[in-house]
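With our numbering as the guide, the letters of the sequence shown map in order to residues 1 to 129. Virtual Cβ for every residue (Gly too), placed ideally from N, Cα, C. Treat the numbers as computed from the prediction; the structure is a model and nothing was measured. Report on the structure given below.
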Amino acid sequence: MITQDQLPMLAIPSMNDNHLEEILLIHKLDKVARANDIKAVAEVLREYVDHSIKHFADEEKLMREADFPDYLTHKGEHDRHIKEMGALIKYFDKNQDPRAIYVHIEGGLSPWILHHMQTMDSDAAEFLK
Ligand SMILES: [Fe+2]
């Protein structure tokens, strides 16, 4: 699980706020998945994707306004993540398997998020400030 002290402190406060909210939602998702609460997993998965869509749109707006040179690469990673979450939701709705969710959080989602924040988001925040 990603902990708050693992989050890079970026120069753009709104990005830090979004990142903290994001990891709290992932903690919530992990908790309901481990508790085998199918209904709550379905809800929190959607809540998490909605948050990601909004959080990425905020970041992308800042990058576009500043003519950030790596905008397209960065947006490509965001789009890939949203697509992957869409596939995960589809899989979950069909199979109702909470274990797949917490396994994915541990093995795929958390490492990706941490890496994305430490590399692409840090570079973008450095440019934006
Ligand atoms: Fe990002």
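| Query | Result |
| --- | --- |
| Taking 6 Å as the limit between beta carbons, can you name the residues of its chain near E65, skipping five residues before and five after? | none |
| For P13, which of helix, strand or coil comes out of DSSP? | helix |
| Which stretch, first to last residue, makes up the alpha helix (DSSP H) that contains D123? | 122 to 128 |
| Round the Cβ separation of D58 and N18 to the nearest angstrom and send it over; I've been treating them as touching at under 8 Å. | 6 Å |
| Give every residue of the same chain whose Cβ lies closer than 6 Å to the Cβ of L20, excluding the five residues on either side of it in the sequence, and list them in chain order. | none |
| Please enumerate, following chain order, all residues with a beta carbon closer than 7 Å to at least one heavy atom belonging to ligand 1. | F56, E59, H74, E77, H78, H116, M120, D121, A124 |
| Please classify D70: is it buried, with 16 or more other beta-carbons within 10 angstroms of its beta-carbon, or exposed? | exposed |
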